[in-house]
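A.B. asks: Before we start, here is the structure in question, set down as structure tokens.
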Amino acid sequence: MSAGRFQGGGLRAYTLFYLLFLYAPILLLPLFAFNSGTIIAFPLKGFTTDWFVQMWGNATLRRALTNSLTIAMSASVLATCFGIFAARASTRFEFPGKTGIMGFIMLPMVLPEIIVAMSLLVVLLGVGAELSILTVIIGHTLICMPYGIAILSTAFASLDRSLEEAAYDLGETKWSAFRLITLPLVMPGIISSLLISFTISLDEFIIAFFLAGNEPTLPTYIFSQLRFPKQIPMIMALGTVLVALSIILLAIGEYFRRRGIARIGGKDSGGFL
Amino acid sequence: MSDDSSPMIECRELQKYYGDYHALRGIDLSIREGEFFSLLGPSGCGKTTLLRVIAGFEDISAGAVLIDGRHMEDVPANRRPTNMVFQSYAIFPHLSVAENVAFGLRRDPRPKPEKAAMVEEALEMVGLRGYGGRAAHALSGGQRQRVALARALILKPKVLLLDEPLSALDRKMREQMQVELIKLQRQVGITFVLVTHDQEEALVMSDRIAVMFEGEIAQLDEPEALYARPASRRVADFIGVMNFLPARILDEADGRATADIPGLGVVDLPEGQISRADADDSGPMIGFRPETMTLLRPGQTSQQARETGAVIDEVVYYGDMTYYDLRLDGSARLDGKARTVRISMRNVFGRDVPCVGTAVRLAWSPGSLVLFR
């Protein structure tokens, strides 16, 4: 980073400005979350934790939080499980129509979410399903899966095929060979997939808005509260909690990823952090 | 190993198709107990497929595999009395050396201390005593190779299958491991089946070698026989260096043949020196190995039957030995094309190597020639 050609140039200023633009708005969240003034503007008035207390006392918000966590956990586990199946199949086996099938599975990644949400809504109403957090889980699993598969395919593809064969050759069954050898080696990929899916689901708005019925999720709740200026400091507090949570989650994920790589003596080829 | 001992591995009329691709075309093979057997051939000849069929990783389209007299049709790889050393070694990177070696003992009911002793014993056998606690990923190529061997041998299989086990090692290490593998095989007495594309490696290590081309066994023989009497030009070409000269058959009766070879003259060859495997080839050819002819110094005489004049075309010096490319006098007689042949000679310390353009005499004997019909 201290390479001579970067020194003193406009590039350094550009980088600083870029980072500022990226992160300064997020830094404003905790600033206003602890500000005792009700209006989101400088100068700051004083320090308070009232907004956090108010947030915790809000039953609807608590419900939205519970819903969001339930949805995110379910969707990330489901998407990762399906992802493991698909990634293993696509990296280990040749079958007719493989490219087409994988293409269709990955499609939701680039499809406009509003299209996915609308068509899912039509189908779900068509079959007479009741809109609930369950329908949101289905939608989120669908959009999280391509990300999970992309991550897991890399993990599976970097694995030597002979490893599982060697375990099988040494007397294990196909399943125990997978459990004892493949699973621990792709675990960093599985954790990454879980985390990515979790964060995608947690802040997903459109599908949650369309498919949740009367149930609030965090993003739809925050959106609904933005109309009331009185509520904004509390939303700031909520945002602060979410940012802190994201950082903690990513740090945990990165810790496991690095530990996994160190354990098998691999070379770190960059992760999310 | 005597010929009448019952075969450890028997392949009968093996056929293997991958879709339209015919990978194994009727393999008949019988490998004796305690033998060091090699499958040798260029890449894509089916040797690895055959090994994987024996291991149980690939099923066969037709035919039968028997190991120790038992049909293997319904026996999956994890229940066969075979263990494999993979080309990549397939060392489990998240386990320690000892955990790798002990992996096959997971389903063994023996108490832990006994297993630990077995692991230590296996490690000692491959020269890795005291390495048990190391992380597998921290090992060098040669050490991984040894761990893979220990891991496979700890289960005392009837057959050890080795898939190009030395190809990833550098030359020095490879030569060292070749000798160690022979010693190890003698020590444990297990049947070894080695797949390799390196003819030298096969000659060094094997009791017998099956040379494979395009899914078929071209020749199955002991190394010396394979080298001295290759069954076809293709085998001769694949194993070591072989000179080829066109020949004209003058007379053929009772299996014997009289051939006229430009540069060498007329020779009479008994049946044992005639190979009829290349019937569809361009024409009869005479083949001989570089070391079967001797370059005579001026005034030197030889016990060999025949002498031929030649001119040195090229000298390739290797330190301990030298290759001479020679233009045989009269070699253009048949079709007007002058041919060079390659002769190898051990260098004698302090004696000058003859230089390019020198006219020399060559001593040889008809017994070293092979006629390919």
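Chain order of the listed sequences is B and P. Counting with my numbering, you get residues 1 to 273 for the letters of the first sequence. Counting with my numbering, you get residues 274 to 646 for the letters of the second sequence. Beta carbons: idealized from backbone N, C-alpha and C, even for Gly.
Just how far apart, CA to CA, sit B:Pro112 and B:Leu142?
C.D. replies: Within the first sequence, numbered from 1, the residue matching residue 112 of chain B stands at position 112. Within the first sequence, numbered from 1, the residue matching residue 142 of chain B stands at position 142. So the two alpha carbons sit approximately 13 Å from each other.
A.B. asks: Mind checking if P:Ser369 is an interface residue toward chain B, Cβ cutoff 8 Å exclusive?
C.D. replies: Here residue 369 of chain P refers to the residue found at position 96 when the second sequence is read from its first residue. Not one chain B Cβ lies under 8 Å of P:Ser369.
A.B. asks: Note down, in chain order, every chain B residue with its Cβ under 9 Å from the Cβ of P:Arg424.
C.D. replies: Against the second sequence, residue 424 of chain P aligns to sequence position 151. Those are Ala166 and Leu170, listed as they occur along chain B.
A.B. asks: Taking 7 Å as the cut-off, does the CB of P:Gly342 come closer than this to any heavy atom belonging to the ligand MG?
C.D. replies: This structure does not include the ligand MG; it has no bound ligands of any sort.
A.B. asks: Hey, quick one: how far does the alpha helix (DSSP H) through B:Asp50 stretch, first residue to last?
C.D. replies: The residue you call residue 50 of chain B lines up with position 50 of the first sequence. Start and end: Asp50 to Gly57.
A.B. asks: Is P:Ser479 buried or exposed, if buried means 16 or more other CB atoms sit within 10 Å of its CB?
C.D. replies: Counting from one through the second sequence, the residue named residue 479 of chain P turns up at place 206. Counting Cβ neighbours within 10 Å, P:Ser479 comes out buried, since at least 16 surround it.
A.B. asks: What first and last residue would you give for the alpha helix (DSSP H) that runs through P:Arg424?
C.D. replies: Position 151 of the second sequence, counting from 1, holds the residue named residue 424 of chain P. That run of the alpha helix (DSSP H) goes Gly414 to Leu426.
A.B. asks: If the criterion is Cβ atoms closer than 8 Å, does the pair B:Leu218 and B:Leu202 meet it?
C.D. replies: Within the first sequence, numbered from 1, the residue matching residue 218 of chain B stands at position 218. Within the first sequence, numbered from 1, the residue matching residue 202 of chain B stands at position 202. Contact flag set, yes.
A.B. asks: Give a yes or no on whether 8 Å exceeds the smallest Cβ distance from B:Pro184 to chain P.
C.D. replies: As a first step, residue 184 of chain B is located in the first sequence; it is residue number 184 there, counting from the start. Yes, its Cβ sits closer than 8 Å to a Cβ of chain P.
A.B. asks: What are the uninterrupted segments assigned as alpha helix (DSSP H) that are 4 or more residues long and contained completely in the stretch 163-228 of chain B, given in chain order?
C.D. replies: Correct list: 174-177, 183-202, 206-211 and 218-225.
A.B. asks: Please report the residue range of the alpha helix (DSSP H) in which P:Lys385 lies.
C.D. replies: The residue given as residue 385 of chain P occupies position 112 in the second sequence. Per DSSP, P:Lys385 belongs to the alpha helix (DSSP H) from Lys385 to Met398.
A.B. asks: How would you write the range of the alpha helix (DSSP H) that P:Cys318 sits in, first residue to last?
C.D. replies: Taking the second sequence and counting its residues from 1, one reaches residue 318 of chain P at position 45. Note, P:Cys318: premise wrong, no alpha helix (DSSP H); not H, not E.
A.B. asks: Interface residues of chain P around B:Ile181 at Cβ under 7 Å?
C.D. replies: In the first sequence, the residue the question calls residue 181 of chain B occupies position 181. Correct list: Phe365.
A.B. asks: Pull out every residue of the stretch 437-455 of chain P whose Cβ sits closer than 8 Å to any Cβ of chain B, in chain order.
C.D. replies: Those residues of the stretch 437-455 of chain P that come within reach of chain B (Cβ to Cβ, closer than 8 Å) do not exist; the list is empty.
A.B. asks: Pull up the distance between the alpha-carbon of P:Leu644 and that of P:Gly538, whole angstroms please.
C.D. replies: Counting from 1 along the second sequence, the entry for residue 644 of chain P is found at position 371. Counting from 1 along the second sequence, the entry for residue 538 of chain P is found at position 265. So the two alpha carbons sit approximately 14 Å from each other.
A.B. asks: Check whether the stretch 615-631 of chain P touches the stretch 574-585 of chain P, counting contact only when three or more Cβ pairs, one atom from each stretch, lie closer than 8 Å.
C.D. replies: Segments in contact, yes.
A.B. asks: Over the uninterrupted alpha helix (DSSP H) stretch that includes P:Asp510, give me the two end residues.
C.D. replies: Here residue 510 of chain P corresponds to residue number 237 of the second sequence, with the count starting at 1. Arg506 to Phe511 is the span of the alpha helix (DSSP H), which, as asked, contains P:Asp510.
A.B. asks: Taking only the alpha-carbon atoms, compute the straight-line gap between B:Thr15 and B:Tyr23 and give it to the nearest angstrom.
C.D. replies: Taking the first sequence and counting its residues from 1, the one referred to as residue 15 of chain B is at position 15. Taking the first sequence and counting its residues from 1, the one referred to as residue 23 of chain B is at position 23. Each residue's Cα considered, the two are about 12 Å apart.
A.B. asks: Let me check understanding here. Comparing Cα to Cα, which of P:Val540, P:Pro557 and P:Gln492 lies closest to P:Pro519?
C.D. replies: Looking up residue 519 of chain P in the second sequence gives position 246. Cα-wise, what sits closest to P:Pro519 is P:Pro557.
A.B. asks: Please list, in chain order, the chain P residues whose beta carbon lies closer than 7 Å to that of B:Ser162.
C.D. replies: Counting from 1 along the first sequence, the entry for residue 162 of chain B is found at position 162. Those within 7 Å of B:Ser162 in chain P are Phe359, Ser361 and Ala363.
A.B. asks: Looking at chain D, is there any beta carbon in it that lies within less than 8 Å of the beta carbon of P:Leu428?
C.D. replies: Structure shown: chain D not included; protein chains present are B and P.
A.B. asks: Mind checking if P:Ala491 is an interface residue toward chain B, Cβ cutoff 8 Å exclusive?
C.D. replies: Against the second sequence, residue 491 of chain P aligns to sequence position 218. It does not; no Cβ of chain B falls within 8 Å.
A.B. asks: If the cut is a Cβ gap below 7 Å, which residues of chain B does P:Ala328 touch?
C.D. replies: Taking the first residue of the second sequence as 1, we reach residue 328 of chain P at position 55. Correct list: Asp169.
A.B. asks: From P:Val589, P:Asp341 and P:Val626, pick the residue whose C-alpha is nearest to that of P:Pro571; which is it?
C.D. replies: Walking along the second sequence from the start, residue 571 of chain P turns up at place 298. Taking only the C-alpha atoms, the option nearest P:Pro571 is P:Val626.
A.B. asks: Closer than 9 Å between beta carbons: that is the criterion. Which residues of the stretch 45-62 of chain B meet it against chain P?
C.D. replies: The stretch 45-62 of chain B vs chain P, Cβ under 9 Å: nothing.
A.B. asks: Going along the chain, which residues of its own chain have a beta-carbon closer than 8 Å to the beta-carbon of B:Met1, five neighbours each way excluded?
C.D. replies: Walking along the first sequence from the start, residue 1 of chain B turns up at place 1. Unreliable positioning characterises B:Met1 in this predicted model, as indicated by a pLDDT of 46, which lies under 50. The coordinate reading is nonetheless provided below. If we look at B:Met1 and ignore the five residues flanking it on each side, it has no Cβ neighbours.
A.B. asks: Does the pairing of the stretch 337-350 of chain P with the stretch 494-501 of chain P give three or more beta-carbon distances under 8 Å?
C.D. replies: Not touching, per the Cβ criterion.
A.B. asks: In whole angstroms, what is the alpha-carbon distance linking B:Gly9 and B:Ala87?
C.D. replies: Working through the first sequence from its first residue, we reach residue 9 of chain B at position 9. Working through the first sequence from its first residue, we reach residue 87 of chain B at position 87. Those two C-alpha atoms are separated by around 45 Å.
A.B. asks: Where does P:Tyr291 land, buried or exposed, given buried means 16+ other C-beta within 10 angstroms?
C.D. replies: In the second sequence, counting from the first residue as 1, residue 291 of chain P sits at position 18. Result: exposed.
A.B. asks: Might you give, ordered along the chain, the residues of its own chain that have their beta carbon closer than 6 Å to the beta carbon of P:Trp637, omitting 5 neighbours on each side?
C.D. replies: Within the second sequence, numbered from 1, the residue matching residue 637 of chain P stands at position 364. Correct list, in chain order: Met566, Gln577 and Arg579.
A.B. asks: Cα-Cα, which of P:Arg624, P:Arg634, P:Asp593 and P:Leu542 is closest to P:Gln573?
C.D. replies: By 1-based counting over the second sequence, the position of residue 573 of chain P is 300. Comparing Cα-Cα distances from P:Gln573 to each of P:Arg624, P:Arg634, P:Asp593 and P:Leu542, the minimum goes to P:Arg634.
A.B. asks: Check whether the stretch 122-131 of chain B and the stretch 65-82 of chain B are in contact - that is, three or more C-beta pairs closer than 8 Å.
C.D. replies: The answer is no - the stretch 65-82 of chain B does not touch the stretch 122-131 of chain B, with fewer than three Cβ pairs under 8 Å.
A.B. asks: Take the Cβ of P:Glu473 as the centre, count every other Cβ of all protein chains shown within 10 Å, and call the residue buried at 16 or more, exposed below.
C.D. replies: Start at 1 with the first residue of the second sequence, and residue 473 of chain P comes out as number 200. Label assigned to P:Glu473: exposed.
A.B. asks: Please tell me whether B:Thr91 has its Cβ less than 8 Å away from any Cβ of chain P.
C.D. replies: In the first sequence, counting from the first residue as 1, residue 91 of chain B sits at position 91. Chain P contact via Cβ: absent.
A.B. asks: Would you say P:Gly406 reaches chain B, if we count a Cβ-Cβ gap shorter than 8 Å as a contact?
C.D. replies: Residue mapping note: residue 406 of chain P aligns to position 133 of the second sequence, counting from 1. Judged by the 8 Å Cβ criterion, P:Gly406 is not in contact with chain B.
A.B. asks: Where does P:Val514 sit, in a helix, a strand or coil, going by DSSP?
C.D. replies: Mapped onto the second sequence, residue 514 of chain P falls at position 241. In this structure, P:Val514 counts as coil in the three-state DSSP scheme.
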